[in-house]
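Here's the structure we're looking at; comments come further down.
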Amino acid sequence: FVGGGGMGAVFRAIATKLGRTVAVRVLSPYQTDAANLRRFKNEAQRAARLDHANIARVYYVGEDEGWHFIVFEFIEGVNLRDLVNHKGPLPVEEALTYTLQAAAALDHAAQRDLVHRDIKPSNVLVMKDGKVKLVDMGLARLSQVESTAHDLTASGVTLGTFDYISPEQAADPRDADVRSDIYSLGCTLFFILTASPPFPNGTVLQKLLSHSGEMPPDVREYR
Numbered sequence: 002f003v004g005g006g007g008m009g010a011v012f013r014a015i016a017t018k019l020g021r022t023v024a025v026r027v028l029s030p031y032q033t034d035a036a037n038l039r040r041f042k043n044e045a046q047r048a049a050r051l052d053h054a055n056i057a058r059v060y061y062v063g064e065d066e067g068w069h070f071i072v073f074e075f076i077e078g079v080n081l082r083d084l085v086n087h088k089g090p091l092p093v094e095e096a097l098t099y100t101l102q103a104a105a106a107l108d109h110a111a112q113r114d115l116v117h118r119d120i121k122p123s124n125v126l127v128m129k130d131g132k133v134k135l136v137d138m139g140l141a142r143l144s145q146v147e148s149t150a151h152d153l154t155a156s157g158v159t160l161g162t163f164d165y166i167s168p169e170q171a172a173d174p175r176d177a178d179v180r181s182d183i184y185s186l187g188c189t190l191f192f193i194l195t196a197s198p199p200f201p202n203g204t205v206l207q208k209l210l211s212h213s214g215e216m217p218p219d220v221r222e223y224r
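All residue numbers for the sequence shown refer to the numbering used here, where the first residue is 2 and numbers rise by one.
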């Protein structure tokens with residue numbers, strides 16, 4: 002077991018035919034309604050469109066005896082949230098190195114009309130050699146797709162993480178484009194440099210209002 006959340010769990014496994022270590026994301030059996038299955042499969046299909054050194058690759062998607070799963074590249078590393086929580090704010094040069102690699106991944110995704118929509122420190126993994134891997138395309142959407150009743154965000158549910166979400170995505174996830182990802186990456190850089198998101202206090206609504214209407218604090222107030 003590697004980790005998990007409301008949608009399921011991730012396990013480290015061995016792909017026996019290839020003899021290599023992989024990550025297997027298994028959808029929770031309590032999340033197998035039609036909408037979640039569609040979102041789960043979309044994650045695999047969208048991630049499979051990407052081929053970049055800074056994005057975790059998808060190898061396989063399947064189902065066995067009712068268990069739905071995606072097989073990913075296994076990343077031996079630590080996410081930026083845990084790294085900063087352990088070490089504190091990172092040196093500026095190190096922070097910029099990680100941010101530029103994540104930006105390169107977003108540029109690659111944008112060229113393929115794909116918006117991540119959940120950029121945050123825990124979705125950026127750092128390997129031992131300093132290479133960054135962007136993970137979790139679960140909220141991604143093809144930017145050229147028209148918003149329809151079949152859009153998984155059409156229900157009006159705000160997707161993303163409130164500490165790092167752009168104002169336009171908070172208002173309507175269907176309006177998010179690569180600029181929304183860049184905004185969230187900026188908030189992530191703020192966290193790497195200060196060990197805090199730009200607006201850490203208050204309720205969810207207060208955070209959303211702060212992102213929409215307040216100037217972010219100056220990083221130099223923290224260091």
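Yeah, the Cβ is synthetic: ideal placement off N, Cα and C, and Gly gets one too.
- For Thr100, the number of other beta carbons within 10 angstroms of its own is at least 16, and it is reported as buried.
- Cα atoms of Ser123 and Gly67: separation of roughly 29 Å, rounded to the nearest angstrom.
- In this structure, Thr189 sits away from Ile76, with a CB-CB distance that is not shorter than 8 Å.
- Sequence-distant Cβ neighbours of Ala16 in its own chain, meaning closer than 6 Å and more than five residues away, are Val23.
- Assigned with DSSP and collapsed to three states, His69 falls in strand.
- DSSP places Leu126 in the uninterrupted beta strand (DSSP E) bounded by 125-128.
- With a cutoff of 8 Å on beta-carbon distance, Gln102 and Val133 are scored as near each other.
- Nearest to Leu209 by alpha-carbon distance, out of Ala171, Asp130, His69, is Ala171.
- Each residue's CA atom was taken as its position, placing Leu126 and Val85 some 12 Å apart.
- With fewer than 16 neighbouring CB atoms inside 10 Å of its own CB, Ser213 falls in the exposed class.
- A direct Cα-to-Cα measurement between Ile193 and His53 gives close to 23 Å.
- The count of Cβ pairs closer than 8 Å, one atom from the segment 106-118 and one from the segment 172-183, reaches three, so the stretches are in contact.
- As DSSP reads the structure, Asn43 sits in no beta bridge.
- Residue pairing by DSSP places Leu28 opposite Gly9 in a beta bridge.
- Where Val179 is concerned, the enclosing alpha helix (DSSP H) starts and stops at 179-195.
- Under the three-state reduction of DSSP, Thr22 is assigned to strand.
- Per DSSP, reduced to three states, the secondary structure at Gly214 is helical.
- Rounded to whole angstroms, the separation of the alpha carbons of Val72 and Val62 is 6 Å.
- In terms of Cβ geometry, Leu135 and Asn55 form a close pair [threshold 8 Å].
- Leaving aside the five residues that flank Gly203 on each side, the residues in its chain whose CB is nearer than 8 Å to its CB run, in chain order, Ser211.
- For Leu97, the enclosing alpha helix (DSSP H) starts and ends at 93-112.
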